[in-house]
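Okay, structure first, notes after.
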Amino acid sequence: MSKPELVKLIDTTLCTACRGCQVACKQWNELPGLKTKQLGTYQNPPDLQWNTWTLIRFQEYEDKNKNFQWIFRKDGCMHCTDAACVKVCPSGSLYYTPLKTVGIHRDKCIGCKECVSACPFHIPKYDAKTDKVYKCDLCYSRIRESHAPACVKSCPTGALTIGDKETMMKKAYARAKELGGDANVRAVQALQAPSRAVAQLNWKRALAGALSIRRPDLADQLVTHLGVEPAEETALVDMSVGELGLVYEALLALSDPKARRSSGQYFTPDDVAQFMVAQAGHFPAGTWLDPCCGIGNLSWHLAAAQKHPDEFVEKQLSLVDMDEVALASAEAILTASFAGQRDTTVLSALKGRSRTGDFLSLKFDIGADFVIMNPPYGRTVRRDGFATSKTRELYAYFLEKVASIAPGFVAITPASFLGGLQYAPLREVLSNKSGRLFVFDNVPDTIFRGYKYGSANTSSTNFVRACITVAEPQATNPNLIVPGGDD
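As structure tokens, then:
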């Protein structure tokens, strides 16, 4: 008889950010320490690393009364039921244990980093010195002997518990009901499917159902647009656009990780999107293009910052994406969020200005004054007319095309563009096309450090996997509400 699936429940309402789990993980797994530095946040180190498998993330936000608040959450391996990392591992290093957690045979790891690319949660970390990948194994040496993982054992408030999946799910729903308010149990598993096509169908039906509940006055139009019968599943109803993006990306990663890497990046965290939109607050009024929109995370935050978001979505925003389902989802989400009561013109207008296709290979012109984007290109993809399939070079082509059509943009880009002779021509093109060019390090859930090209901060010690590049025109936009500024 097979053993039940073992899962860990994280109750963020009980977490005090004591970081006892973070320390206990290092102690039990005998992970070496790392010299860190002050980055202006309590979160330290800034991200998971090959020698840091558990991390408490600190997120700042303002509540509805404009009061400063903290959100604490534990980050680490999700031990997915249908794990993308296991699917793509060619050596068998990553595997399912008898308890259905995701274990790792490090001696079998060949350092190919396929799991690093496939994981939608950015968990596996590569160490160049050992040419191996590292991640949490849920203390398999402990749980197979019926002992709790080190993180669970050390938690003083009971924020971490472990047990069979059915018991933990019941406990989670009971806790959410007890808390009331906005408490929710969010799971991708309800929409999971063995193939990409079925996963996308499940997604569209769930989204159609959720948007119909949000906007009953536009339900018929939204359902017709998505082309499916709405599902009764309500898991998506109360999610933010960033959370919706994460669900969609996770679904693709679980159903078809190779296709996910090839066709796009659909998830931009809400805090990163908000920061990018704040930079757009220095742009003059004009039309905007999101050339790889995914389900619309960036465009949603850009529209939300406008004084008249319904007019912005209807008249000033254009979308492009290779994924028809993602594009249709973006159009529906933006309409449901910002269209006026019974206003059926917003969706048709937005759809009329949007295109399905690869922005690099599009044969038709899409005009826009400014661009906001999270380019999706993976190294496994080849594009028509481009000999390269390397991510950084595709990014460079992408930015050069954007610079040729728009005097300003805000983009997530590789930090490698900051230095090196290879990208000097690109930096010159970008600088010549804009009033000012800035780059901000993108350290997830912590801070952004801003500086101009050519400053002393462009040394390799400041390079991060990704950064925010801003080509900023000099005029300002009176129709955009800048966070922290006057309405």
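The numbering used here puts the sequence shown at residues 9 to 495.
Quick reminder that beta carbons are idealized off the backbone N, C-alpha and C, glycines included.
Can you list, in chain order, the residues of its chain with a C-beta nearer than 6 Å to that of THR20? Leave out the 5 residues immediately preceding and following it. Cβ neighbours of THR20 beyond the five flanking positions: ARG81.
Please report the residue range of the beta strand (DSSP E) in which GLY119 lies. It is not in any beta strand (DSSP E) - GLY119 carries neither H nor E in the DSSP assignment.
Residues of its chain near MET86, where Cβ-Cβ distance is below 6 Å and the 5 sequence neighbours each way are ignored = PHE129
Could you check if HIS316 is buried or exposed, using at least 16 other CB atoms within 10 Å of its CB as the buried criterion? exposed
Margin query: Let's see if you can read the secondary structure: which residues bound the beta strand (DSSP E) around GLY111?
Written below: 110-112
Can you check which of these residues, LYS409, ILE79, ALA311, LEU259, is closest to ALA205 by C-alpha distance? LEU259
request  = Could you name the residues of the same chain whose beta carbon sits closer than 6 Å to that of CYS117, not counting the 5 residues immediately before and after it, in chain order?
outcome  = SER101, LYS140, VAL141
Can you tell me which of PHE378, PHE406, ALA347, LEU355 puts its alpha carbon nearest to the alpha carbon of SER369? Checking every option, the nearest Cα to that of SER369 belongs to PHE406.
- prompt: When the cut-off is 8 Å and only beta carbons count, does GLU68 lie next to chain D?
  reply: As a matter of chain content, chain D is missing from the structure shown, which is built from one protein chain.
Give the secondary structure of GLY302 by DSSP, where H, G and I count as helix, E and B as strand, and everything else as coil.
coil
### Task
Out of TYR69, VAL124, LYS74, state which residue places its alpha-carbon closest to the alpha-carbon of VAL96.
VAL124
Complete runs of the beta strand (DSSP E) confined to the segment 271-344 [at least 3 residues]: 296-298, 325-329
Quiz item: Taking the alpha carbon of GLY111 as the point to measure from, which residue in CYS127, ALA136, CYS147 has its own alpha carbon closest?
Solution: CYS147
**Report entry** Where the alpha helix (DSSP H) containing MET177 begins and where it ends
**Finding:** 173-187
key: Contact check, LYS143 vs TRP78, beta carbons under 8 Å   = no
Quiz item: Assuming LEU234 and ARG223 make a contact with CB atoms under 8 Å, what is their CB distance in whole Å?
Solution: About 13 Å; that fails the 8 Å criterion.
Task: Of the residues VAL245, VAL379, GLU68, ARG363, the one placed nearest ALA293, counting alpha carbons only - done: VAL379
Once you ignore the five residues that flank LEU17 on each side, which residues in its own chain have a CB closer than 8 Å to its CB?
LEU168, THR169, ILE170, GLY171, MET176, LYS179, ALA180
Out of curiosity, what's the CA-to-CA distance linking VAL437 and VAL418?
For VAL437 and VAL418, the distance between alpha carbons rounds to 15 Å.
CB contact flag (ASP329, GLY302, <8 Å): yes
| query | Residue ranges of each alpha helix (DSSP H) run of no fewer than 4 residues wholly in the segment 21-98, ordered along the chain? | reply | 28-37, 92-96
*Compare the C-alpha of GLU319 against each of THR353, GLY166, TRP211, ILE221 and name the closest.*
The residue with the shortest Cα to Cα distance from GLU319 is THR353.
Quiz item: What's the call for LYS137, buried or exposed, on a 16-neighbour Cβ count within 10 Å?
Solution: exposed
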